[in-house]
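Read in order, the letters of the sequence shown are residues 1333 to 1714 in our numbering.
Heads up, the beta-carbon is just placed ideally off N, CA and C, and yes, glycines get one too.
Below: one structure, written as structure tokens.
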Amino acid sequence: MINFAIPAMFTETQLIEIKNLNDNSKNNRRIKELYGSMPSAPVGTIRPSITLPSITTEELCDYIRKVKECGLEFDYIMNSTVLDGGEYTNEGKKEIVEFVGRLVDAGLNTITISAPYLVRLIKKFYPELNITASICAEVESVQRALDFEEIGVNCIVPAKDVNRDFKTLRNMVTACNSSIKVLCTTPCLYKCSDLYYHMNLSSVRDNSLQKALKVQGDFLSHTASRCQRRRLENVTEYIKSPWIRPEDISYYEEIGITDFKLDGRDKREEYNIEVAKAYMDGHYSGNLLYLMQNYYPKDMKEFNQIINVEVDYWKLGVYLDNSKMDGFIKYFASMKNTCEQGCKHCNYCKSWADKAITLFKKNTDQYLEVLRIAEEKNLSFE
């Protein structure tokens, strides 16, 4: 059985949609788990508070109970990568442990954590609670996976950049008693140098460090502007991003991975259901990038609207034709890829970009200009 974890929108309508997807599944796939968090809770997450659904602890506990009644599981996300040290004070420890206790009493199945210390703290007080090592813990080797397992985790989400390293994934599955769960819908750049800074900055925007944050409101950080600019200037980066297509799940199943996660806690409910359906169906006809971010055109019809009508400029004019990506994963699944040596002497991803990506240059050039202005602003002062 292939199991999917999808973002919780904390609504009755989403639970109904999930039931419909599970009831109509014909290919041994199901949505098993919902995951989420409340904004500005103890520890926090790597999602800024302003991007998360606004719920109270009472509403969260009620929702966990409803999820359980539907035969689903709930995973609470507590994966901030930088904290203020309060977790070592008596008050801080008490706040964290009591908060988790309320969720456990409501029926919480799993909690996802980045910090090893918090894994040990939670495991001490709630030994029966399943703990997942977050993707933000950057577990990229068997040794690190075993280290997390030794302190009490039951599941490991490997670092994004391991997604196409089938040798390491297979070795993790073989060496670990913990289940291995991979994130399918990551738009992140491969081996991004901004990764840790991005996670830390985002963490500060959802935990107790917010009060020390000097910049207020929403802003375009260096991590966001540089990330998007690099892709638009070199579209091969879209191919190198470690996403997993709905059609390629079986390659991971063959090495023993049956748990998969879909991103989108900061997205609309309807969009997340649409993405979940694509992975439940095991195929998608349209723009693969749309499954990663909803600001790409969904299909060729939307893409042509941008070109012909020149409206909806909030949609970014990049189209990765998923129908042209069949067979892409085989090179990586064969374990013959040489990604660890860099891309200088390998044109594999570029050859697929040339075949499958279409750009609307007028649109992307406008975006690039906006990004360049934002970057210059971030690198200047008066």
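| When DSSP labels each residue in this structure, what does Phe1406 get in the three-state scheme? | Here residue 1406 corresponds to residue number 74 of the sequence shown, with the count starting at 1. Three-state result, Phe1406: strand.
| field | Cβ pair Asp1479, Thr1444 closer than 8 Å | value | The residue you call residue 1479 lines up with position 147 of the sequence shown. The residue you call residue 1444 lines up with position 112 of the sequence shown. No. Outside cutoff.
| query | DSSP on Gly1424, reduced to helix/strand/coil? | reply | In the sequence shown, counting from the first residue as 1, residue 1424 sits at position 92. Three-state result, Gly1424: helix.
| request: Answer yes if the segment 1358-1376 comes into contact with the segment 1609-1621, meaning at least three C-beta pairs across the two stretches below 8 Å, and no otherwise. | output: yes
| Pair within 8 Å by beta-carbon distance, Val1471 and Leu1415 | For the purposes of this step, residue 1471 is taken as residue 139 along the sequence shown, with counting starting at 1. For the purposes of this step, residue 1415 is taken as residue 83 along the sequence shown, with counting starting at 1. One thing to note: Val1471 has its Cβ no nearer than 8 Å to the Cβ of Leu1415.
| query | Do you know how far the Cα of Thr1690 is from the Cα of Asp1493? | reply | Looking up residue 1493 in the sequence shown gives position 161. Looking up residue 1690 in the sequence shown gives position 358. Looking at the two C-alpha atoms, the distance is approximately 25 Å.
| Ile1348 (DSSP reduced to helix, strand or coil) | Your numbering for residue 1348 matches position 16 in the sequence shown. Reduced to three states, the DSSP call for Ile1348 is helix.
| query | Would the beta-carbon of Ser1473 fall within 8 Å of that of Ser1446? | reply | Here residue 1473 corresponds to residue number 141 of the sequence shown, with the count starting at 1. Here residue 1446 corresponds to residue number 114 of the sequence shown, with the count starting at 1. For the 8 Å CB-CB criterion, Ser1473 and Ser1446 do not form a contact.
| query | For Lys1656, which of Arg1577, Ala1337 and Ile1589 has the nearest alpha-carbon? | reply | Here residue 1656 corresponds to residue number 324 of the sequence shown, with the count starting at 1. Checking every option, the nearest Cα to that of Lys1656 belongs to Arg1577.
| Rounded separation between Phe1450 and Val1514 - CA only | Position 118 of the sequence shown, counted from the first residue, corresponds to residue 1450. Position 182 of the sequence shown, counted from the first residue, corresponds to residue 1514. According to the sequence provided, residue 1450 is Leu. The question's Phe does not apply to it. Cα to Cα, the separation comes out at about 22 Å.
| said: Just to confirm the assignment, what range does the beta strand (DSSP E) spanning Ile1363 have? | reply: If you number the sequence shown from 1, residue 1363 lands on position 31. Residues Arg1361 to Gly1368.
| query | In chain order, which continuous runs of the alpha helix (DSSP H) of length 4 or greater are located wholly inside the segment 1613-1667? | reply | 1632-1640 and 1662-1665
| Just curious, the beta strand (DSSP E) that Ala1465 is in, first and last residue? | Reading the sequence shown from its first residue, position 133 is the one you call residue 1465. It spans Asn1462 to Ala1465 - the beta strand (DSSP E) in which Ala1465 sits, taken as one unbroken run.
| message | Tell me the DSSP secondary structure of Leu1515 in three-state form. | response | In the sequence shown, residue 1515 corresponds to position 183, counting from 1. Here Leu1515 sits in strand by DSSP.
| query | Between the segment 1561-1568 and the segment 1684-1702, do three or more beta carbon pairs fall short of 8 Å? | reply | Cβ pair count under 8 Å is three or more, so yes.
| task | Entirely within the segment 1431-1496 and at least 4 residues each: give me those alpha helix (DSSP H) ranges in chain order. | result | 1448-1457 and 1474-1482
| field | Whether Phe1592 touches Phe1336 by CB criterion (8 Å) | value | Position 260 of the sequence shown, counted from the first residue, corresponds to residue 1592. Position 4 of the sequence shown, counted from the first residue, corresponds to residue 1336. The answer is yes: Cβ separation under 8 Å.
| field | Assumed close pair Leu1648, Tyr1570 - CB separation to whole angstroms, cut-off 8 Å | value | Taking the sequence shown and counting its residues from 1, the one referred to as residue 1648 is at position 316. Taking the sequence shown and counting its residues from 1, the one referred to as residue 1570 is at position 238. About 11 Å separates the Cβ atoms of Leu1648 and Tyr1570, ruling out a contact at the 8 Å cut-off.
| If you compare alpha carbons, which of Glu1401, Arg1496, Val1607 and Pro1385 is closest to Lys1668? | Within the sequence shown, the letter at position 336 stands for residue 1668. The option with the nearest alpha carbon to Lys1668 is Arg1496.
| said: Going by beta-carbon coordinates alone, are Asn1619 and Tyr1628 separated by less than 8 Å? | reply: Translated into the one-based positions of the sequence shown, residue 1619 becomes position 287. Translated into the one-based positions of the sequence shown, residue 1628 becomes position 296. Yes, the pair counts as a contact, with Cβ atoms nearer than the cut-off.
| task | Could you please give the first and the last residue of the uninterrupted beta strand (DSSP E) stretch that includes Ile1334? | result | Position 2 of the sequence shown, counting from 1, holds the residue named residue 1334. Element bounds for Ile1334: Ile1334 to Pro1339.
| field | Distance cut-off 7 Å: Leu1703 Cβ against heavy atoms of the ligand SAH | value | Although the ligand SAH was asked about, the structure shown includes no ligands whatsoever.
| request: Inspect the beta-carbon positions of Met1370 and Leu1392 and report whether they are closer than 8 Å. | output: The count along the sequence shown starts at 1 and reaches residue 1370 at position 38. The count along the sequence shown starts at 1 and reaches residue 1392 at position 60. Yes, Cβ-Cβ distance for Met1370 and Leu1392 is below 8 Å.
| Inter-residue spacing [alpha-carbon to alpha-carbon] between Tyr1367 and Ala1340 | For the purposes of this step, residue 1367 is identified with residue 35 of the sequence shown, where counting begins at 1. For the purposes of this step, residue 1340 is identified with residue 8 of the sequence shown, where counting begins at 1. Rounded to whole angstroms, Tyr1367 to Ala1340 spans 5 Å at the Cα level.
| field | Residue range of the alpha helix (DSSP H) that includes Lys1682 | value | For the purposes of this step, residue 1682 is taken as residue 350 along the sequence shown, with counting starting at 1. Boundaries of the alpha helix (DSSP H) around Lys1682: Tyr1680 to Ala1688.
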